[in-house]
Every structure is written in structure tokens, then in C-alpha cells.
Amino acid sequence: MAEALRAVLVAPFADMAANPAFLVEVLIGGIASGLMYSLVALGFVLIFKASGVFNFAQGALVLFSALTLVGLMERGAPVWLAIGLTMLVMVVLAFAIERVVLRPLVNQEAIILFMATIGLNFFLEGFGEMAWGANVKKLDIGIPDTSFIVRGVLVNRLELTAAITAAVLVTILAIFFQRTRIGRALRAVADDHAAALSIGIPLKTIWVIVWSVSGLVALAAGIMWGAKSGVQFSLSLIALKALPVLILGGFTSVPGAIVGGLIIGVGEKLGEVYWGPLVGGAIENWFAYVLALAFLVFRPQGLFGEKIIERV
Amino acid sequence: MSGEPGAGTLRAPRRAAGFAARADGTSGEKPLLEVERISVRFGAVLALNQVSLDVRRGEILAIIGPNGAGKTTLLNVISGFYQPYEGRILFEGRDRTHLRAPDVAALGLARTFQNVALFRGMTVLDNIMTGRLLKMRGSFLWEALYWGPARRQELEHRAFVERIIDFLEIQAIRKTPAGRLPYGLQKRVELARALAAEPTLLLLDEPMAGMNVEEKEDMCRFILDVNDEFGTTIALIEHDMSVVMDISDRVAVLDYGRKIADGAPADVRANPAVIHAYLGVHHE
Amino acid sequence: MIYREAGQFKTSYASDQAIFPIVQDRWVAGLVLVAAVLVPPLVANDYWLQAILIPFLVYALAAIGLNLLTGYAGQLSLGTGGFMAVGAYSAFKLTTAFPRVSILLVFLASGVIAAAVGLLFGLPSLRIKGFYLAVATLAAQFFLIWLFNKVGWFVNYASSGTITAPNRTVLGVLVTGPNAGAPARYLMALGFVIVFALVAKNLVRGRIGRSWMAIRDRDIAAEIIGVRPLRTKLLAFGISSFYCGVAGAELVFLFLGSAETLAFDINQSFLVLFMIIIGGLGSIFGSFLGAGFIILVPILLTNIPHWLGIKMSVALQKEIELMAFGGLIILFLIVEPHGLARLWQITKEKLRLWPFPY
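For the record, the sequence lines run as chains B, S and F.
Position in the first sequence (from 1) plus 17 gives the number in this note's numbering.
Position in the second sequence (from 1) plus 266 gives the number in this note's numbering.
Position in the third sequence (from 1) plus 189 gives the number in this note's numbering.
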């Protein structure tokens with residue numbers, strides 16, 4: 018018994034202290050994957066913040082955008098053209114989603130919309146695969162997946178790029194929501210559809226804008242993930258991982274998505290490397306969710322989310 | 267100033283019917299509900315500030331005041347949804363300040379809500395049957411078989427609920443999903459659900475809001491009948507002054523989270539502080 | 190004209206509360222029941238039983254379980270697959286450890302174990318609602334699957350990592366295992382689903398069902414009625430997990446024969462959720478309709494091109510299946526959020542007036 022306790026509570030930390038350079042690498046790896054989770058979570062936050070809809074199909078958007086990009090590049094389009102075209106495709110997709118899914122369901126409760134996005138998720142997965150083929154594809158955007166050494170620590174070029182991209186995107190979006198007129202309108206819509214309509218906010222336009230931006234964020238995430246691990250079906254499962262990120266960070270907070278992503282990313286990596294061997298590995302499958310669950314018990318609204326006071 | 271605690275013919279017959287009256291109109295026994303210096307905070311906002319009032323057994327008390335005065339907050343803290351920051355609440359003489367809603371309901375308190383909190387997915391009948399929940403003894407096994415004691419109990423409660431349905435004249439809509447009813451009927455169904463619990467104290471939050479004259483007359487009649495026939499003590503929040511004057515025994519006035527007046531309707535109506543709070547707007 | 194209920198006056202509350210208040214309904218239900226018991230074992234070939242009827246019954250049970258939790262009590266769960274796995278692996282361990290205990294008892298016991306696990310995961314989830322709860326059930330899903338993968342004890346250290354149903358009999362007839370015939374397995378599944386559907390129906394039309402629906406519709410108002418949210422939600426979690434556990438055991442023992450954790454992954458959770466959305470949230474009958482629908486769609490998608498003479502690759506079939514499911518979900522949510530059950534109800538109401546328009 019004491020042996021087991023020591024193995025769980027003491028030994029991992031001892032391992033960390035014994036090899037600090039390795040620890041830093043694990044942390045960096047965790048930060049990098051955490052930022053990539055954040056990118057995906059950001060897409061969720063955008064849509065939820067601006068329309069109150071929890072878009073389960075965010076993962077499918079990531080997959081679909083990556084598939085489209087790779088598909089175009091395979092047909093000979095140069096990188097920049099392909100990216101531009103894919104952005105266009107995502108905007109068109111946003112229009113389609115608004116028209117076919119969102120508008121007919123505009124007055125329904127949140128749970129109905131959520132389930133509709135589950136349906137959308139499956140539809141996009143099937144459609145994307147049918148349109149672009151089901152085999153794993155290599156995504157090459159010109160940034161090599163190589164590492165260089167900074168002060169004794171290994172830094173991966175790709176992960177660095179992802180981190181910088183995520184940071185830039187988050188800053189832009191945060192400013193957008195807080196400072197601009199459209200950002201304010203979006204927050205009004207998320208709060209109360211009917212009230213927003215009654216002061217003249219064009220709901221349809223708003224939704225198209227939001228889903229387009231979300232699609233572009235999904236594209237960024239898709240590029241990063243795709244370049245790292247190839248474009249394949251399981252990319253949409255990454256979206257599921259974004260859920261714990263949202264729990265930690267709060268569903269409506271842009272900075273929360275970042276912090277949440279970092280905590281999950283780092284937590285997962287640390288858990289896998291230092292505690293994983295104790296139980297046979299592959300902790301990453303469930304660690305994020307259990308962490309989120311523990312969080313929920315103590316702080317249901319997340320780190321940055323708003324505490325909901327229900328008025329009776 | 268004493269005198270008849272309540273103007274209008276609606277009250278007169280009941281006055282005569284053996285209400286243990288004293289010269290000042292009280293019945294002399296301990297109040298059913300005592301609210302002692304209750305304060306409720308939401309963050310920095312003091313929604314209720316040292317409010318004290320009593321609800322006497324068998325009476326109809328109206329709680330009035332301008333919007334935002336804290337009337338619904340008062341009802342919420344009494345029924346256990348909010349925890350008071352300071353003060354005590356005594357029900358039938360026993361301290362129940364920190365009880366939560368399900369326990370408060372078990373003590374014999376029922377209420378309706380300002381925004382009609384009916385269960386929209388259920389029929390009217392099922393909605394009212396939920397009001398009987400506290401009276402039902404549960405036995406999982408019998409319920410799974412829907413036989414024996416569970417079935418008998420279900421039918422007994424159904425019979426009781428049907429009496430309430432007759433009383434409130436809503437027979438025609440008993441199988442309609444509650445979400446599909448017009449507003450006035452929803453309020454009536456909500457009253458039925460509260461009555462189904464056979465409460466000692468009934469709290470009504472704006473029971474006549476949004477109703478036309480006929481609906482209001484019906485609702486007044488029901489409230490008075492409930493008080494007369496079942497002896498239920500009633501505290502209601504109401505904005506319509508004519509209703510308040512007609513049916514209540516006593517009136518309490520809140521403004522900005524404080525109680526500013528308390529007494530017979532006629533007295534309260536003449537109270538300068540009350541008039542000031544309403545900016546002189548009140549109905550005849 | 191056929192379906193008129195004129196002249197059928199209820200003279201007691203008892204007859205009004207019956208499951209089938211209309212006499213014609215009662216006859217139809219009775220006939221269907223008798224037909225279900227007699228016809229398929231005698232007439233249907235193995236393909237029909239194996240590919241359609243048995244999975245239909247198994248999934249109907251799981252759908253009822255999830256419907257009780259999500260449709261009636263309003264608690265969204267994405268962990269159905271995980272709880273089915275608990276049932277399956279418990280049944281396997283129990284029956285291999287105690288081969289002489291009746292398989293019926295084993296199934297029930299595995300349901301109880303699944304219920305216990307459900308309660309365990311339900312407890313921390315009860316302060317949270319909606320999507321947050323879904324995440325908690327996801328935690329259960331992923332953790333349980335990982336557990337059954339990692340810990341060899343669950344598969345009795347089989348190197349293949351699969352569990353296989355052993356031969357077991359009921360009243361001398363082989364009902365599970367490699368030699369059990371399809372009709373026997375069918376009747377076993379039918380028996381379970383009839384009993385448990387009846388129990389579910391009884392629960393939802395009484396006190397427990399009402400307290401669940403109260404929590405679902407307006408949980409704050411429910412409290413003032415005296416509903417205790419914690420207890421009510423836990424009960425829903427427990428009962429739902431019981432049903433899913435038994436369904437999971439049935440999935441392996443009566444349908445697949447042997448399985449690994451892949452049979453219980455997140456896609457299963459979605460599948461059962463789709464069944465109750467399409468069939469009708471908050472409807473026992475709808476659970477059956479939804480299960481049948483979801484079972485049939487892939488079969489139709491496989492066979493229709495075949496009948497039409499069109500060649501389609503397996504991958505393409507799978508893709509069209511995904512698109513069909515997704516599209517149908519969206520369609521149903523737009524057109525009839527209450528699912529097939531409501532459509533059925535509307536049809537019956539039209540029949541009552543037929544041939545008059547209103």
C-alpha cells in the first residue's frame with residue numbers, strides 16, 4: 018500500500034526533478050498540443066458566445082477544412098491559392114449551414130440545436146470523405162516538422178508556428194469581441210435572440226459571419242493538426258477533446274479557451290509521461306475528461322465563465 | 267386606526283362567520299409565518315433590507331410595492347430558493363431560516379411563480395398530479411408493476427386532483443399539454459398545482475398579471491373560495507389595487523427592499539409614505 | 190370510421206390511466222405481441238432474425254434506457270456505450286466464474302452492476318446541467334473503454350482481447366453461445382424487452398415519471414413541489430444504466446457472440462442517442478420506432494443499390510450512411526422534434542377522423 022502511494026505521489030515528481038531538461042521538453046510539448054486544442058476550442062467559444070449554440074460539429078469543420086485544403090493541393094493548387102479557396106469554401110459552408118440548419122430551428126431550445134449540430138457533424142464527416150476520399154493524407158504547408166535546439170531544449174518548428182498562430186488569432190478575436198460594434202452585437206445575440214432581433218440586429222447575417230469566422234479558425238486548427246499528424250478521420254475526435262478545454266475555461270471566454278487548452282495539454286502530457294507507465298499507458302484517452310469532471314465538481318462555470326444565477 | 271380590516275362586500279360575510287376577532291381585528295393566536303429582519307444580498311446589491319412581517323393564520327395578506335421593491339425576492343427567500351444574509355424565518359413557531367425549497371414544501375408551503383413555471387411537456391392533469399408528490403408514499407417495486415398499493419394510491423390521488431379540477435373549472439383542458447394553453451389558463455393550472463399539495467400557506471406571485479377583467483374576477487373568486495373553504499392562509503403579490511383592496515385582510519408595502527407600511531388596506535392606502543413610493547398613482 | 194372511439198366512455202379513473210385506453214389499441218397491441226412471439230421463430234429465416242430482429246430488440250432495450258434518462262429526465266448522456274460495456278463484461282465475468290447460475294440471473298446482475306457504475310458517475314454530475322453533464326458522461330465513456338482494454342482480468346486474460354459468450358441454457362434450451370439457435374436467442378431478447386418495456390411504462394406514468402419530467406421541464410419549480418433533484422436524477426441515472434447494462438450483455442450474448450471494446454465505443458453512444466431522437470424523446474414506443482429505424486437504414490443502404498444493380502464500394506456506403514444519419518437527424522429536429530412517435534400519434538388522430546378532414 019505504502020509502495021503504491023509512493024509510486025503515485027512521490028516517484029513521478031522525483032522523476033521530474035531528476036531530469037529538468039526533459040521536463041521542459043514535455044512541458045513544451047504539452048503547451049504546443051494545448052494550444053492546438055485551444056484553437057479548436059476557440060471555434061466552439063465563438064459560436065457559443067455569439068449565438069448560444071453549442072456546435073458539436075466543430076470537429077467536423079476542422080476535418081472538412083483540412084480535407085478540402087489537401088484535396089485542392091493534391092489537384093495542383095499552390096499553397097496560398099489552396100488556402101484562399103478553402104477559406105471561401107468555409108464561408109459558403111457557413112451560408113449553407115445557416116440556411117438549412119439554423120434558420121428552421123431558430124426558436125428551439127438549446128438542446129435541440131445541440132443535437133442538430135451532432136447530426137451536422139456526422140453529415141459533414143460523411144460528405145467530406147465522399148468528396149475528397151478516405152485515406153490518410155499528408156499535409157505539407159512548407160513548414161518542416163523539424164526541431165532546433167534552444168538552450169539545451171528541443172523546440173519543434175511546427176509546434177512553434179502553431180503556438181504563434183494561436184496566440185495571434187486569440188488576440189485578434191478578443192479585441193474583436195470587446196472593442197468593435199459587431200463584437201457587441203454578437204454578444205447581444207448570444208444573450209437573447211429575440212431581444213437582439215427587436216433592436217434590429219440582423220440575426221441571419223450575424224450567424225453567417227460567426228460561422229464563417231469559426232470555419233476559418235477551424236481551418237487554422239485543421240492546418241496545424243493536419244501538418245502534425247496527417248489529415249484523417251480521427252481529426253474530428255479531437256473536437257471531443259476540446260470539450261474538457263471548454264469546461265475548464267468556461268464556454269464563453271476567449272482567454273479561457275487558451276488557458277483551458279494549456280492546462281489540458283500540459284496536464285495530459287505530464288500525466289501520460291510520468292503517471293502513464295504506472296497503469297500501462299494511454300492515459301491520454303480519458304485524462305482530460307476526468308480532469309474536467311473533477312473541475313466541474315468544484316467550479317461548474319470554469320475558470321473564466323460567468324456564474325449563472327437563475328432567476329426564479 | 268382600527269376599524270373593519272377590509273372594505274368591500276366580498277369580505278363582509280366571512281367577517282361574520284366566527285373569525286375570532288378582537289377590537290383591532292387580529293385573531294390573537296401566534297402568526298403562521300414570521301419574517302424577522304430578513305436581508306438578502308446579491309453580490310453588492312441589498313435586495314431585501316431588514317424586512318419584518320407576519321402572516322396570520324387564515325388571512326389573506328397582499329404584498330405590494332413598486333417594481334424592483336423586492337417582493338418576489340421576499341417570496342423566494344420564504345420558499346427557500348434564496349438564503350438570507352441575516353434574519354430569521356419562523357413557520358408555525360419553528361425556525362426554518364435555512365431550509366431549502368423541497369424541505370419548505372414539505373412543511374406545508376406552496377407557491378406560484380411570476381412567469382408561470384408549469385411543466386410544459388406534461389398535460390394539465392399530470393402537472394397538477396405533480397403537486398401531490400409530497401403526499402405520495404413511494405414504493406419502487408409496486409410502481410414498477412403498477413399494481414397493488416401503487417395503483418390504488420395513484421387512483422386516490424387522481425380522485426383528489428379531479429376535485430381540484432372541478433373546483434377551478436378546468437375539466438375541459440385536463441389532457442392538454444400545458445405548454446399549449448393560453449396564459450390565463452396556465453395561471454389557473456399553476457394555482458391548481460399549488461392547491462394539490464394541500465398547503466397551509468399559499469404564496470402567489472402576481473396571480474392576475476396579464477389577465478383581463480373577467481379572468482381577474484374568476485381568479486379573485488377562486489382565491490377567496492380557497493381561503494374560505496379550505497382555510498388556507500394566502501400571501502399574494504399583486505399590482506392591481508382594486509383587487510388588493512377587495513380581497514385582502516391586510517397589506518404590506520415594500521419599497522427599495524424595505525417594508526414601509528403594514529396594516530389594513532384602507533389605512534395603507536391613505537399612508538403618505540406609500541403614496542409617495544407610488545408617486546401618487548393608485549387605482550380606486 | 191374504423192378507428193372511432195365513440196361509445197367508449199371511461200367510467201373510472203383506472204380505465205383512463207390504462208396504457209391502452211382505446212379498445213382498438215388494446216386489441217392491436219395484443220395481436221402484435223402474440224405475433225411477435227409466434228411468427229418469427231417459426232417463419233423467419235436466420236438472416237432476418239440475426240441481422241434485423243435480434244439487434245432491433247437489443248437496441249430497443251438500450252434506447253428505452255437512454256430515453257428514460259435523456260427523454261424523460263432531461264439528462265443528456267453520451268456514455269451509453271460505456272455502460273453497455275459494463276453490462277457485457279460483468280455478464281462475461283459472472284457467467285465464467287459461476288457457470289451454473291442461470292443466465293437470466295447473470296443478465297440481471299450485470300444490469301445491477303451497470304447501475305452501480307452509473308450512480309458512481311452520476312454523483313459528481315448532478316450539480317451540472319446540459320452540456321456539462323454530457324462531458325461528464327463522455328468521461329465515463331472513455332474511461333470505461335480504456336479500463337476494459339487495459340485490464341486483462343476483464344477478458345479472463347484472453348490474448349485476443351475479446352469476450353465470447355459461452356453456451357448457456359434456459360429450461361434446457363441453448364440460448365447463448367456458439368451453438369445457440371437464432372430463434373431461441375430471439376425469444377430471450379423478446380422476453381426481456383417486453384418485461385422491461387412494461388416496467389418502464391409503469392414507472393413513467395406514475396410518481397417517478399412525473400418527478401423526472403418535472404426536473405426536465407422546470408427543475409427550479411420542481412423543487413417547490415417537493416422534488417429532490419439529486420435523488421431524482423440519481424434514480425434516473427441508475428435505472429437507465431441498468432437497462433443499458435442488460436442491453437450490453439444481450440448485445441454480446443444474444444447478438445454478436447463475441448466482442449471487443451470497439452463494439453461499445455463512442456459511436457454506439459451516438460447511435461442510441463440518434464435512436465431516441467428520431468424515435469421520440471420521452472416516449473417508450475418511440476424508443477422501439479427509433480431502434481427499428483436506425484437498424485433498418487444501413488440494411489436498406491446496403492441492399493437497395495444491390496437490388497437496383499448499382500455497384501457501390503463499402504467505403505461509399507459508409508459515407509452515405511453517415512450523411513443519411515446526420516441529415517435525418519437534422520430533418521427530424523426541424524420537422525418533428527418529437528420524433529416518429531409523434532408522427533405516429535398524428536397518424537392515429539387522423540385515422541380517428543377518417544374519412545373526415547377534421
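Note that CB positions come from ideal geometry on N, CA and C, so glycine has one too.
Just so it is clear, the structure is predicted and the values come from calculations on it, not from any experiment.
**Q.** CB contact below 9 Å: residue 290/S versus chain F
**A.** Model confidence at residue 290/S stands at a pLDDT of 44, short of 50, so the residue's coordinates are unreliable and nothing is read from them.
Item to complete: Have a look at residue 330/S and residue 505/S and give me their C-alpha separation to the nearest angstrom.
Response: Spanning the two alpha carbons is a distance of roughly 6 Å.
Short CB-CB distance (under 9 Å) between residue 311/B and chain F: Yes, residue 311/B counts as interfacial toward chain F.
Would you decide whether residue 419/S is buried or exposed? Buried here means 16 or more other CB atoms lie within 10 Å of its CB. With 16 or more other Cβ atoms within 10 Å, it is buried.
Item to complete: Could you check if residue 527/F is buried or exposed, using at least 16 other CB atoms within 10 Å of its CB as the buried criterion?
Response: Residue 527/F is classed as buried because its beta carbon has at least 16 other beta carbons within 10 Å across all chains shown.
Taking the CB atoms as reference points, tell me whether residue 371/S and residue 414/F lie closer together than 9 Å.
Result yes, Cβ atoms of residue 371/S and residue 414/F sit closer than 9 Å.
- Message: Less than 9 Å between the beta carbons of residue 485/S and residue 399/F, yes or no?
- Response: Taking 9 Å as the Cβ cut-off, residue 485/S and residue 399/F do not qualify as a contacting pair.
| field | Residues in the stretch 397-424 of chain S having any Cβ partner in chain F nearer than 7 Å | value | Per Cβ criterion, the list reads 397, 399, 400, 402, 404, 409, 410, 411, 412, 416, 420, 421, 424.
Margin query: By the 8 Å beta-carbon criterion, what residues does the stretch 116-141 of chain B contribute toward chain F?
Written below: Cβ contacts with chain F come from 117, 118, 121, 122, 125, 127, 128, 129, 131, 132, 133, 135, 136, 137, 138, 139, 140, 141.
Please confirm if residue 273/B has its CB atom under 9 Å from at least one CB of chain F.
Any Cβ of chain F closer than 9 Å to the Cβ of residue 273/B would place that residue at the interface, and such an atom is absent.
Measuring straight from C-alpha to C-alpha, what distance separates residue 488/S and residue 439/S? Distance between the alpha carbons of residue 488/S and residue 439/S: 18 Å.
Closer than 7 Å, Cβ to Cβ, to anything on chain B: give me those residues from the stretch 325-341 of chain F, in chain order. Within the stretch 325-341 of chain F, the qualifying residues are 325, 327, 328, 331, 332, 335, 339.
For residue 534/F, report the span of its alpha helix (DSSP H) as first-last.
For residue 534/F, the enclosing alpha helix (DSSP H) stretches over residues 528-542.
**Asked** For residue 152/F, which of helix, strand or coil comes out of DSSP?
**Response** The first residue shown for chain F is 190 and the last is 547, placing residue 152/F beyond what the model contains.
**Q.** Pairwise C-alpha distance: residue 462/S and residue 411/S
**A.** Rounded to whole angstroms, the gap between the alpha carbons of residue 411/S and residue 462/S is 25 Å.
Worksheet entry | Candidates 195/B, 42/B, 215/B, of which the one nearest residue 270/B by Cα | Considering only alpha carbons, the answer is 195/B.
ask   = Mind pulling the chain F residues with CB within less than 7 Å of residue 392/S?
value = Residues of chain F with a Cβ closer than 7 Å to the Cβ of residue 392/S are, in chain order, 399.
- prompt: residue 543/S to residue 539/F, Cα distance in whole Å?
  reply: Approximately 58 Å between the Cα atoms of the pair.
Taking only beta-carbon atoms, is residue 287/B less than 9 Å away from chain F? Not a single CB atom of chain F sits nearer than 9 Å to the CB of residue 287/B.
Self-check item: Alpha-carbon spacing of residue 252/F relative to residue 533/F, whole angstroms
Solution: One C-alpha to the other measures close to 18 Å.
Exercise for the section: List the whole-angstrom C-beta distance separating residue 286/F from residue 437/F, where the pair is believed to meet the contact cut-off of C-beta under 8 Å. Expected result: No, residue 286/F and residue 437/F are not in contact; Cβ-Cβ is about 18 Å, not under 8 Å.
Using a C-beta cutoff of 9 Å, does residue 387/S count as contacting chain F? Under the Cβ criterion of 9 Å, residue 387/S is counted among the residues facing chain F.
Query raised in the report: So is residue 228/B in contact with chain F if we call contact Cβ pairs under 9 Å?
Result: No, because no Cβ of chain F sits closer than 9 Å to the Cβ of residue 228/B.
TODO: Please report the Cβ distance between residue 520/S and residue 499/S, rounded to the nearest whole angstrom; I am assuming they are in contact, meaning their Cβ atoms lie under 8 Å.
DONE: Actually they are not in contact, since the Cβ atoms of residue 520/S and residue 499/S sit about 19 Å apart, beyond 8 Å.
Just to confirm the assignment: which complete alpha helix (DSSP H) runs, minimum length 4, are found wholly within the stretch 399-458 of chain S?
Runs found: 406-411, 414-433.
Next on the checklist: Helix, strand or coil, according to DSSP, for residue 136/B in the structure here?
Outcome noted: In the structure shown, the three-state DSSP call for residue 136/B is helix.
Host alpha helix (DSSP H) of residue 391/F (start-end): For residue 391/F, the uninterrupted alpha helix (DSSP H) segment begins and ends at 371-393.
| What residues in its chain sit with their C-beta under 6 Å from that of residue 85/B, if we drop five residues either side in the sequence? | Within the same chain, residue 85/B has close Cβ partners 103, 106.
Return the chain-ordered list of same chain residues with a C-beta closer than 7 Å to the C-beta of residue 415/S, the five sequence neighbours on each side being excluded. Spatial neighbours of residue 415/S in its own chain (CB-CB distance under 7 Å, excluding positions within 5 residues in sequence) are listed in chain order as 405, 408.
Flag residue 261/B as yes if its beta-carbon sits less than 9 Å from any beta-carbon of chain F, otherwise no. With respect to chain F, the C-beta atom of residue 261/B has a partner C-beta closer than 9 Å.
Chain S contact residues for residue 180/F, given Cβ-Cβ distances below 8 Å:
Outside the modelled stretch of chain F, which goes from 190 to 547, sits residue 180/F, for which no answer is possible.
- Should residue 437/S go down as buried or exposed, given a rule of 16 or more other Cβ atoms within 10 Å for buried? With fewer than 16 neighbouring CB atoms inside 10 Å of its own CB, residue 437/S falls in the exposed class.
On a CA-only basis, which of 527/S, 348/S, 345/S, 352/S is nearest residue 315/S? Give me that one, please.
-> Nearest neighbour of residue 315/S by Cα position, chosen from 527/S, 348/S, 345/S, 352/S, turns out to be 352/S.
Check for me: the alpha helix (DSSP H) holding residue 376/S runs from which residue to which?
Not the alpha helix (DSSP H): residue 376/S falls in the beta strand (DSSP E), residues 375-377.
Check your understanding: Can you find at least 3 beta carbon pairs, one from the stretch 221-229 of chain B and one from the stretch 67-83 of chain B, that sit closer than 8 Å?
Key -> Yes, since at least three Cβ pairs between the stretch 221-229 of chain B and the stretch 67-83 of chain B fall closer than 8 Å, the two stretches touch.
Cα-Cα separation between residue 392/F and residue 384/F, rounded to whole angstroms: The C-alpha of residue 384/F is placed about 12 Å away from the C-alpha of residue 392/F.
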